[in-house]
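Take the sequence shown: its letters are residues 538 to 923, numbered as in our numbering.
Glycine included, every Cβ here is placed at the ideal spot set by N, Cα and C.
Right, one structure below, let's go through it.
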Amino acid sequence: WVKGCAVPVLYQDAVIRSALALKLHCFEDTGAIVAATTTSIPESSGSGRTWDYRYCWLRDAYYVLGAFQLLGQFEERERFIQWLFDVASGSPDLDLAPLYRVDGRTDLDERLVPGWPGFGGHGPVRVGNSAALQRQNDIFGETALALSPVFLDERFQDEQSPATLALLTRLARKAVAVAGTPDAGIWEVRAPVHPRTFSSLMSWAAADRVATVLRSRTADGASEFAAGAARIRDDILHQAWNGTTGAFASTHGGADLDASLLQMAPLRFLPPDDPRLGATVDAVTRGLGRGGWIWRYDDDDGLGTPQVAFVLCTFWLVEALAVLGRTAEARRTLELALVARNSLGLLSEDFDPRGGERWGNFPQAYSHVGLIRAAFAASPAWADVL
């Protein structure tokens, strides 16, 4: 399987190990992709942040499929599409949950396991995940983005059906409808909800990409989504930009920084030479960086503030720097982040650079996605070295 993968010029060993890790997160029977294979390894010592990740998050699956696209693998997307059809068929209004069991069910009631001490004595041990009950508006955009490559890649001819196109447009329409409304967001905060900039960003991306798909396939329909993308983009520029901090904020009208907004760069929300994009990348690096590692955010999420780096976010910084043309800086950051791997090349969700400890569920699909995307972004093109 690995011999059939594309690899970047640099960091090939790390990419191959991460590719294998992601492949093992795919449940062949249904096409679901699990976020991690463990439950309740804490995010940091004594934090109580112990979650069950043995389920399929729509968001995480989108990112995993994007990594497989870079690797030149497409069968995983075929299987996921069928799983998604099964999930969507049970929700006529597309009132999708953020996560599901691998068989598509949503009975995920979160409970504590009594008498279990937890990883290293850091409990509690949880089964189930109440995030399934949250409103997370970004999932509609991400699920549409997971489907849109089907209509841009001729290897998916069997999936390029009217039913798939109808589901894609329904998802994008839902993404546009929820943009700018309050939600728990990508970080699943258990605090009061607000309109999340990242969620709006994903709604914009979905509308923008679906407009592109429709222009190439039908005589009409693209204008609806192009207009939706323009409206959401305008809302983000006016509601999320904070002139005082000189950066896009985590929430509309807010001031807090959010590392997920580094994704503005690879999603092409703004051109690389737009000063607001570079200013946001620099603000996140300064405000959420600790010794080169990036924290998700530093505000209270209802459970306190994060105490360790979120591995994916440091890889997102690599991507953003590469988009900005700061390649040397991107490679230095990536080489720093590779320290978080263990001897088998596996990554946890979180990393404490102060003591070199890995925390969070392990191995973590998100982290391996980040490594693969960062490696491709920071590497030269093959045409430049052959």
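Alpha-carbon to alpha-carbon, T643 and V922: Along the sequence shown, one-based indexing puts residue 922 at 385. Along the sequence shown, one-based indexing puts residue 643 at 106. Taking the straight line from one Cα to the other gives about 49 Å.
Determine the direct distance from the alpha carbon of A728 to that of A955, and round the result to whole angstroms. The displayed coordinates of the chain run from 538 to 923. Any statement about residue 955 would go beyond what the structure contains.
Quick one: grab the DSSP three-state call for I578. Indexing the sequence shown from 1 puts residue 578 at position 41. Looking at I578 - three-state DSSP - the assignment turns out to be coil, as it is neither helix nor strand.
Thinking C-alpha only, which one of R895, T575 and L798 is nearest H562? Reading the sequence shown from its first residue, position 25 is the one you call residue 562. Its Cα nearest to that of H562, the residue T575 stands out among R895, T575 and L798.
Can you give me the Cβ contacts of G824 inside the same chain, cut-off strictly under 6 Å, excluding the 5 residues immediately before and after it? What you label residue 824 is simply residue 287 of the sequence shown in a count that begins at 1. Excluding positions up to five away in sequence, the list reads L794.
Taking the beta carbon of W653 as the centre, do at least 16 other beta carbons fall within 10 Å, making it buried, or is it exposed? Your numbering for residue 653 matches position 116 in the sequence shown. Under this definition W653 is an exposed residue.
With a threshold of 16 other CB atoms inside 10 Å of the CB of Q694, please say whether the residue is buried or exposed. By 1-based counting over the sequence shown, the position of residue 694 is 157. Looking at its Cβ environment, which holds fewer than 16 other Cβ atoms inside 10 Å, Q694 is exposed.
What first and last residue would you give for the beta strand (DSSP E) that runs through R895? Within the sequence shown, residue 895 is the residue found at index 358, counting from 1. Where R895 is concerned, the enclosing beta strand (DSSP E) stretches over E894 to W896.
CB contact flag (F785, T734, <7 Å): Here residue 785 refers to the residue found at position 248 of the sequence shown. Here residue 734 refers to the residue found at position 197 of the sequence shown. Their beta carbons are under 7 Å apart, which means F785 touches T734 by this criterion.
Backbone CA spacing between G893 and F688 [nearest angstrom]: On the sequence shown, residue 893 is found 356 positions in, with the first residue counted as 1. On the sequence shown, residue 688 is found 151 positions in, with the first residue counted as 1. Rounded to the nearest angstrom, the two C-alpha atoms are 43 Å apart.
Rounded to whole angstroms, what is the Cα-Cα separation between E691 and S581? The count along the sequence shown starts at 1 and reaches residue 691 at position 154. The count along the sequence shown starts at 1 and reaches residue 581 at position 44. Each residue's Cα considered, the two are about 45 Å apart.
Is the stretch 736 to 754 close to the stretch 705 to 724, with three or more CB pairs under 8 Å? Verdict: yes, contact present.
From this set, Q549, S736 and L602, which residue's C-alpha is nearest A915's C-alpha? As a working note, residue 915 is residue 378 in the sequence shown. Considering only Q549, S736 and L602, the residue with the shortest C-alpha distance to A915 is Q549.
Sequence-distant residues of the same chain with beta carbon closer than 7 Å to G907, five excluded per side: Counting from one through the sequence shown, the residue named residue 907 turns up at place 370. Beyond the five residues adjoining it in sequence on each side, G907 comes within less than 7 Å, by CB distance, of V848, L849, F852 and W853 in the same chain, given in chain order.
Buried or exposed for S904, going by 16 or more other Cβ atoms inside 10 Å? Within the sequence shown, the letter at position 367 stands for residue 904. By the neighbour-count rule (16 or more Cβ atoms within 10 Å), S904 is buried.
DSSP state of I831, grouped into three classes? Your numbering for residue 831 matches position 294 in the sequence shown. In the structure shown, the three-state DSSP call for I831 is strand.
Quick one: any contact between the stretch 853 to 865 and the stretch 790 to 808, if contact means 3 or more CB pairs under 8 Å? Because the criterion of three Cβ pairs below 8 Å is met, the stretch 853 to 865 and the stretch 790 to 808 touch.
Between I553 and A598, is the Cβ-Cβ spacing less than 7 Å? Reading the sequence shown from its first residue, position 16 is the one you call residue 553. Reading the sequence shown from its first residue, position 61 is the one you call residue 598. Not in contact: I553 and A598 (Cβ atoms no closer than 7 Å).
Any chance you could list the alpha helix (DSSP H) runs of at least 4 consecutive residues sitting entirely within the stretch 572 to 639, in chain order? Runs of the alpha helix (DSSP H) inside the stretch 572 to 639: 595 to 607 and 612 to 626.
Compare the Cα-Cα distances from P651 to each of L645, P661 and G657 and report the closest residue. Taking the sequence shown and counting its residues from 1, one reaches residue 651 at position 114. Checking every option, the nearest Cα to that of P651 belongs to P661.
Along the beta strand (DSSP E) that carries F888, what are the first and last residues, could you check? For the purposes of this step, residue 888 is identified with residue 351 of the sequence shown, where counting begins at 1. DSSP places F888 in the uninterrupted beta strand (DSSP E) bounded by D887 to D889.
Between E696 and I618, is the Cβ-Cβ spacing less than 7 Å? By 1-based counting over the sequence shown, the position of residue 696 is 159. By 1-based counting over the sequence shown, the position of residue 618 is 81. Taking the C-beta atoms as reference points, I618 is found nearer than 7 Å to E696.
Looking only at its chain, what residues have a beta carbon closer than 7 Å to the beta carbon of A748, apart from the 5 residues adjacent to it on each side? In the sequence shown, the residue the question calls residue 748 occupies position 211. Around A748: A759, F762, A763 and A766.
So D646 and G665 are in contact, right, with Cβ under 8 Å, and what is the actual spacing, rounded? On the sequence shown, residue 646 is found 109 positions in, with the first residue counted as 1. On the sequence shown, residue 665 is found 128 positions in, with the first residue counted as 1. For a cut-off of 8 Å, the C-beta gap from D646 to G665 is around 5 Å, short enough to register as a contact.
Need the endpoints of the alpha helix (DSSP H) that F899 sits in, please. Locating residue 899 in the sequence shown gives position 362, where the first residue counts as 1. That residue, F899, is in no alpha helix (DSSP H); it is neither H nor E in DSSP.
May I have a chain-ordered list of the alpha helix (DSSP H) segments no shorter than 4 residues that lie completely inside the stretch 670 to 748? Listed in chain order, they are 675 to 684 and 699 to 715.
For A902, tell me which candidate among T587, F605, W538 and A543 has the shortest Cα-Cα distance. Position 365 of the sequence shown, counting from 1, holds the residue named residue 902. If you compare the alpha carbons of T587, F605, W538 and A543 with that of A902, the shortest gap goes to F605.
Do the CB positions of S737 and A721 come within less than 7 Å of each other? In the sequence shown, residue 737 corresponds to position 200, counting from 1. In the sequence shown, residue 721 corresponds to position 184, counting from 1. Contact: no.
Determine the direct distance from the alpha carbon of R878 to that of F899, and round the result to whole angstroms. The residue you call residue 899 lines up with position 362 of the sequence shown. The residue you call residue 878 lines up with position 341 of the sequence shown. Going by the C-alpha atoms only, they are around 11 Å apart.
Count the other C-beta atoms from every protein chain shown that fall within 10 angstroms of the C-beta of A703, then say buried if there are 16 or more, exposed otherwise. Along the sequence shown, read from residue 1 onward, the residue named residue 703 stands at position 166. Looking at its Cβ environment, which holds fewer than 16 other Cβ atoms inside 10 Å, A703 is exposed.
6 Å CB neighbourhood of D745 in its chain, flanking five on each side removed: Within the sequence shown, residue 745 is the residue found at index 208, counting from 1. Once the five neighbours on either side are set aside, the close Cβ partners of D745 are A766.
Can you grab the Cα-Cα spacing for the pair H731 / G839, in whole Å? If you number the sequence shown from 1, residue 731 lands on position 194. If you number the sequence shown from 1, residue 839 lands on position 302. For H731 and G839, the distance between alpha carbons rounds to 13 Å.
To the nearest whole angstrom, what separates the beta carbons of A846 and W830, a pair I think is in contact under 8 Å? Within the sequence shown, numbered from 1, the residue matching residue 846 stands at position 309. Within the sequence shown, numbered from 1, the residue matching residue 830 stands at position 293. Contact annotation, A846 with W830: C-beta distance approximately 4 Å; criterion of less than 8 Å satisfied.
In whole angstroms, what is the alpha-carbon distance linking I769 and E679? As a first step, residue 769 must be located in the sequence shown, where it is residue number 232. As a first step, residue 679 must be located in the sequence shown, where it is residue number 142. Straight-line measurement puts the Cα of E679 at about 15 Å from the Cα of I769.
Rounded separation between P719 and N674 - CA only: Here residue 719 corresponds to residue number 182 of the sequence shown, with the count starting at 1. Here residue 674 corresponds to residue number 137 of the sequence shown, with the count starting at 1. Per the coordinates, the alpha-carbon of P719 lies some 8 Å from the alpha-carbon of N674.
Compute the beta-carbon to beta-carbon distance between S584 and Q844, rounded to the nearest angstrom, for a pair I have assumed lies under 8 Å. Taking the sequence shown and counting its residues from 1, one reaches residue 584 at position 47. Taking the sequence shown and counting its residues from 1, one reaches residue 844 at position 307. Contact between S584 and Q844 holds: their C-beta atoms lie close to 6 Å from each other, under 8 Å.
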